[in-house]
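Residues 3 to 105, numbered by our numbering, are exactly what the sequence shown covers, in order. See below for the structure under consideration.
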Amino acid sequence: MKKEVDLYETIYLVNPRCTQSVLIEKMDYYQNFLAEQGSQVMVHNRGKRSLSYPIKGFDTANYIQMVFLGNGHLITSLHKAIMRDENILRNITTKLPQGEGFA
3 MKKEVDLYET
13 IYLVNPRCTQ
23 SVLIEKMDYY
33 QNFLAEQGSQ
43 VMVHNRGKRS
53 LSYPIKGFDT
63 ANYIQMVFLG
73 NGHLITSLHK
83 AIMRDENILR
93 NITTKLPQGE
103 GFA
């Protein structure tokens, strides 16, 4: 029996003090992490934005959006990797309704 895959979106906030090369390295790392698990991934850098409230002492952060296909096991693995990264200030993953995302 084949496991069902759903469309997910993860947004993570990266420390604003990271250089552009470190930011690109992080985006590539998580994109490759998902691709190695067999997922199709779209990554978009939403740029540096002001936060509504300070997170870990920062008023701004780099917003990165990833839309990908996956299942619960993949989400768990991704969150473990993100939680180990000290430059990620916050992250959230949501399941998207079918038909959104890869447009």
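Ideal Cβ positions, reconstructed from N, Cα and C, are used throughout, including at glycine.
Roughly how many angstroms separate the alpha carbons of Gln22 and Gln42, rounded to a whole number?
24 Å
With DSSP collapsed to three states, give me the class of Thr21.
coil
Hey, Ile77 and Thr95: beta-carbon distance below 8 Å or not?
yes
So Leu80 is in the alpha helix (DSSP H); what residue range does that whole segment cover?
Gly74 to Met85
Extent of the continuous beta strand (DSSP E) to which Val45 belongs
Val43 to Ile57
Who pairs with Phe60 in a beta bridge, going by DSSP?
Ile57
Compute the distance between the beta-carbons of Asp8 and Asn73, then report whether it is under 8 Å.
yes
Which residue from Lys58, Arg86 and Asn64 puts its Cα closest to that of Val24?
Asn64
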